[in-house]
Amino acid sequence: MSGGVVTFLRPGTTTITATCAESDETLPDGFARTASFTVNIPAGYYNEHFRNATTPWALNPSHVNSGASFERRYNNSTDEYYWLVTPYLNASNVGRGDIQHSGSKVYLESGNYPILCFRIDDVNDSASKYSRNINIDTSGSAGDTKYSGWIGGNNNKWKAKYKCSDGSAILIYDLSTQNFQNGGALPAGTVAEFATFQIKYADIKTPASAEEAQYRFFWFMAFGSETEMSAYLNTWSQQTGITYAE
135 MSGGVVTFLR PGTTTITATC AESDETLPDG FARTASFTVN IPAGYYNEHF RNATTPWALN
195 PSHVNSGASF ERRYNNSTDE YYWLVTPYLN ASNVGRGDIQ HSGSKVYLES GNYPILCFRI
255 DDVNDSASKY SRNINIDTSG SAGDTKYSGW IGGNNNKWKA KYKCSDGSAI LIYDLSTQNF
315 QNGGALPAGT VAEFATFQIK YADIKTPASA EEAQYRFFWF MAFGSETEMS AYLNTWSQQT
375 GITYAE
């Protein structure tokens, strides 16, 4: 086996050990058959680019049952993976397709990683100018305090939006300045645990077809500051050739 995927279910420190079962205790070149290394995942850190097909992100199962779908794709020119989401259309031709983080909980910490951002297509930016509602929808707690609902308090309440030259958008939230719909702001130094964490993508008004309402979801990241985020985006822009601006 030449490689493997390690999935972290919660923040903390762990030691990973790999053993070559077919080798002797000591290999001829003097190396041991077992190697270990220790990794630490701090609370609030997040970096998902879908380079592995295995991911905790998936479409809301009820939306899949209603006809929504998504598939993982690769853009060779930018060396990026992404999910192409096809929402379902209801009887009134209104589209919806929410993306959930499932299978493990999400841990947020506004002191060390307050900046949440994700790159996604906004159908409102397309030539058709479909109206829509996008938000980060949550349900979790920190101690006895419950945090739930939308970050920013309502639909389409990100702190900033960058439009990208490939037609996508980068939506930015700031846990240090924006409240949850219920529970208020997350105090710095407090780790909140969320069983529900999803990008709600709803109320896409009367597209001609589900295909016309499709959107791409590229990545979801957390940063320690806007300065750190800007440094990353500058490097990403140089590597992909995609430009962006508010």
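Mapping of the sequence shown onto the working numbering: position 204 corresponds to residue 338, and the numbering continues sequentially without gaps. Ideal Cβ positions, reconstructed from N, Cα and C, are used throughout, including at glycine. All values reported here derive from a predicted model rather than from experimental measurement.
For residue i, count the other beta carbons within 10 Å of its own beta carbon; 16 or more makes it buried, fewer makes it exposed. Which is it?
i, result
"S238", "exposed"
"Y247", "buried"
"G274", "buried"
"T168", "exposed"
"D213", "exposed"
"Q373", "exposed"
"R206", "exposed"
"G318", "exposed"
"I254", "buried"
"A329", "exposed"
Sorted by chain position, which residues of the same chain lie with C-beta nearer than 8 Å to residue i's C-beta, five sequence neighbours on each side aside?
i, result
"D232", "L193, N194, H197, D271, Q332, I333, K334, Y335, A336"
"E380", "A294, K295, Y296, K297"
For residue i and residue j, what's the separation of their Cα atoms in angstroms?
i, j, result
"Q312", "G286", "5 Å"
"Y222", "R185", "26 Å"
"E362", "F352", "19 Å"
"W217", "S310", "29 Å"
"T220", "S244", "32 Å"
"P341", "F252", "24 Å"
"N258", "G301", "11 Å"
"W191", "T153", "30 Å"
"S262", "A344", "13 Å"
"A322", "G358", "12 Å"
"L242", "Q234", "16 Å"
"K291", "V240", "20 Å"
"S203", "Y307", "26 Å"
"A365", "Y378", "13 Å"
Using a Cβ-Cβ cutoff of less than 6 Å, which residues in the same chain neighbour residue i once the five nearest sequence positions on both sides are dropped?
i, result
"N269", "W284, N289, K334"
"N181", "M355"
"K295", "A303, L305"
"G201", "Y222"
"I376", "C298, S299, D300"
Hey, which unbroken runs of the beta strand (DSSP E) at 3 residues or more fall wholly within the region 188 to 248? Counting only runs that start and end inside the region 188 to 248, the beta strand (DSSP E) elements of at least 3 residues fall at 191 to 193, 203 to 209, 214 to 220, 233 to 235, 240 to 243.
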